[in-house]
Amino acid sequence: MTARMRILHTMLRVGDLEKSLDFYTRVVGMTLLRRHDYPEGRFTLAFVGFGPEDTHPALELTHNWDTAKYELGTAYGHIALGVSDIHATANAIRAAGGKVVREPGPMKHGTTVIAFVEDPDGYKVELIQQKS
Numbered sequence: 001m002t003a004r005m006r007i008l009h010t011m012l013r014v015g016d017l018e019k020s021l022d023f024y025t026r027v028v029g030m031t032l033l034r035r036h037d038y039p040e041g042r043f044t045l046a047f048v049g050f051g052p053e054d055t056h057p058a059l060e061l062t063h064n065w066d067t068a069k070y071e072l073g074t075a076y077g078h079i080a081l082g083v084s085d086i087h088a089t090a091n092a093i094r095a096a097g098g099k100v101v102r103e104p105g106p107m108k109h110g111t112t113v114i115a116f117v118e119d120p121d122g123y124k125v126e127l128i129q130q131k132s
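UniProt numbering numbers the first residue of the sequence shown as 1 and each following residue consecutively.
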């Protein structure tokens with residue numbers, strides 16, 4: 001294939017947009033990139049990320065106004081974020097009110113140091129220690 005491609009965004013359906021925005025911006029440290037309400041369709045799209053969408057992938061949070069909770073399903077795995085200091089990151093997330101569901105440590109059957117946190121809807125976010 002000769003065309004250049006890149007990941008633009010990943011979409012998650014969320015039950016409480018304000019709680020999710022708080023988690024991904026205040027707790028995780030992403031920036032709200034854009035947000036738009038669609039009153040006729042009764043939904044809101046909010047995009048968060050670590051940089052501008054023209055150079056960085058984003059996370060699309062879709063809030064359907066009439067749905068407060070979703071079944072996560074068994075196919076979904078997690079979002080992964082590379083971090084420079086996994087212990088400090090996990091502690092900062094915990095201090096900000098985030099839920100650490102797996103403390104930092106080596107992955108099973110490997111040496112990569114990982115941790116998991118959970119967003120307000122129960123989606124898992126993996127933290128991966130990046131080599132310096």
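Beta carbons: idealized from backbone N, C-alpha and C, even for Gly.
Only a predicted model underlies this, so the values are computations on that prediction, with no experimental measurement involved.
In the DSSP assignment, E40 falls outside any alpha helix (DSSP H), carrying neither H nor E. Three or more beta-carbon pairs drawn from the region 37 to 48 and the region 59 to 76 are found closer than 8 Å, and the two stretches are therefore classed as touching. It is roughly 15 Å from the alpha-carbon of A92 to the alpha-carbon of L81. Residue range 86 to 95 is occupied by the alpha helix (DSSP H) that includes R94. The three-state reading of DSSP puts E18 in helix, counting H, G and I together. In this structure M11 is exposed. Its beta-carbon is surrounded by fewer than 16 other beta-carbon atoms within 10 angstroms. Approximately 24 Å separates the beta-carbon atoms of G122 and V113; this is outside 8 Å, ruling out the contact. At a Cβ-Cβ threshold of 7 Å, R35 and D66 do not count as neighbours. In the DSSP assignment, V83 falls within the unbroken beta strand (DSSP E) covering 79 to 83. The beta carbon of A115 sits closer than 7 Å to those of I86, A90, V100, R102, E103, P104, L127, all from its chain and outside the five residues before and after it, given in chain order. Under a 10 Å Cβ-count criterion, Q129 is classified as buried, with 16 or more other Cβ atoms of the shown protein chains found around its own Cβ. Distances from the CA of M30 to each of K131, H56, A95 were compared; the closest alpha carbon is that of H56. Going by C-alpha positions, T74 is about 15 Å away from R13.
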